[in-house]
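**Student:**
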Amino acid sequence: MKPLILIVEDEDAIAQTLTYALTTDGFETKHVRMLADARATVRAAQPSLIVLDVSLPDGSGFDLCRELRAGAHANTKIPILMLTARSEEVDRIVGLELGADDYVAKPFSPREVSLRVKTILRRSGSAGTKSANVFQLDTEAQRISFAGQPLALAKREYLLLKTLLERPSRICSREMLLDTVWGMDAESGDRTVDTHIKTLRAKLKAIRSDLDPIETHRGMGYSIDIKFVA
Ligand code: CA
């Protein structure tokens, strides 16, 4: 069954190019011009994702976004890709705050939209579930598995990864990591953390080269993307 993408857009020319790009990429699409029709479609057809324009004849796309996330409709988790006007940075921020999954600014290339749709579905859908719980932390045995394979970790590497895994999506500063993992033994500085992160990354990459769960935050520290843990 092809995933159904609901396009909510009052400009027919834009809707047509989107419909073309999405159907070419193997999606089924439904186009509506009004929020009222979008609500009806969400109730009746259970779309896999909504491409949602902000400015619509009978209201704002934000309203639908807010309603969905607040649980006003049965499926509150439908991913939403907002279409915003390029000049309106505020639209992007409001949209993401209301729970939209991503946004594209007009004018956009339909290919770009289709790529974003695929990425969001991969993240939120079946593939997303597969990459969830990629790590298995066994604190008793002091072992961590990655993608089903036990990692051969030195003590500090284990402690470092454990510290990150216990704080999914939170940025751990080098100071905090040094303190937690090395404590009184911290004979060296920030470079120690960086070197160990590098080794960890190489060990993870050796198992799954397509996944990169450790994120670097320049000048701030490291984190594990929540989708690998939650
Ligand atoms: Ca519009």
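Throughout the sequence shown, residue numbering follows the numbering used here, covering 23 to 252 in sequence.
Glycine included, every Cβ here is placed at the ideal spot set by N, Cα and C.
Source: prediction; values computed, not measured.
For ligand 3, which residues have a Cβ under 6 Å from at least one heavy atom, in chain order?
**Tutor:** The ligand content of the structure shown is limited to ligand 1, which means ligand 3 is not among them.
**Student:** On the DSSP bridge assignment, give the partners of phenylalanine 157 in chain order.
**Tutor:** Note: phenylalanine 157 sits in a beta bridge opposite Phe168.
**Student:** Which term fits glutamate 33, buried or exposed, when burial requires 16 or more other beta carbons within 10 angstroms of its beta carbon?
**Tutor:** Glutamate 33 comes out exposed.
**Student:** Figure out for me which residue from Leu105, Pro25 and Leu57 has the closest Cα to the Cα of serine 70.
**Tutor:** Serine 70 has its Cα closest to that of Pro25, out of Leu105, Pro25 and Leu57.
**Student:** Short check: CB of proline 79 to CB of serine 146, under 8 Å?
**Tutor:** It is not a contact, given that the beta carbons lie outside the stated cut-off.
**Student:** Anyone know if the C-beta pair for isoleucine 27 and threonine 63 falls short of 8 Å?
**Tutor:** Cβ atoms of isoleucine 27 and threonine 63: not closer than 8 Å.
**Student:** Could you tell me if histidine 239 is buried or exposed, where buried requires 16 or more neighbouring beta carbons within 10 angstroms of its beta carbon?
**Tutor:** Exposed, by the Cβ-count rule.
**Student:** Sorted by chain position, which residues of the same chain lie with C-beta nearer than 7 Å to alanine 149's C-beta, five sequence neighbours on each side aside?
**Tutor:** Annotation note: pLDDT 40 at alanine 149 (below 50); position unreliable, coordinate value reported separately. Contacts found: none.
**Student:** Measure the C-alpha to C-alpha separation of threonine 39 and proline 132 and round it to an integer number of angstroms.
**Tutor:** In a straight line, the C-alpha of threonine 39 is about 6 Å away from that of proline 132.
**Student:** Out of Cys194, Ala94 and Ala35, which one is the CA nearest neighbour of aspartate 247?
**Tutor:** Aspartate 247 has its Cα closest to that of Cys194, out of Cys194, Ala94 and Ala35.
**Student:** So is arginine 114 buried or exposed if we call it buried at 16+ other beta carbons inside 10 Å?
**Tutor:** Arginine 114 comes out buried.
**Student:** Would you list, in sequence order, the uninterrupted alpha helix (DSSP H) runs of no fewer than 4 residues that lie entirely inside the stretch 86 to 131?
**Tutor:** Entirely contained in the stretch 86 to 131, the alpha helix (DSSP H) runs reaching 4 residues are, in chain order, 111 to 119.
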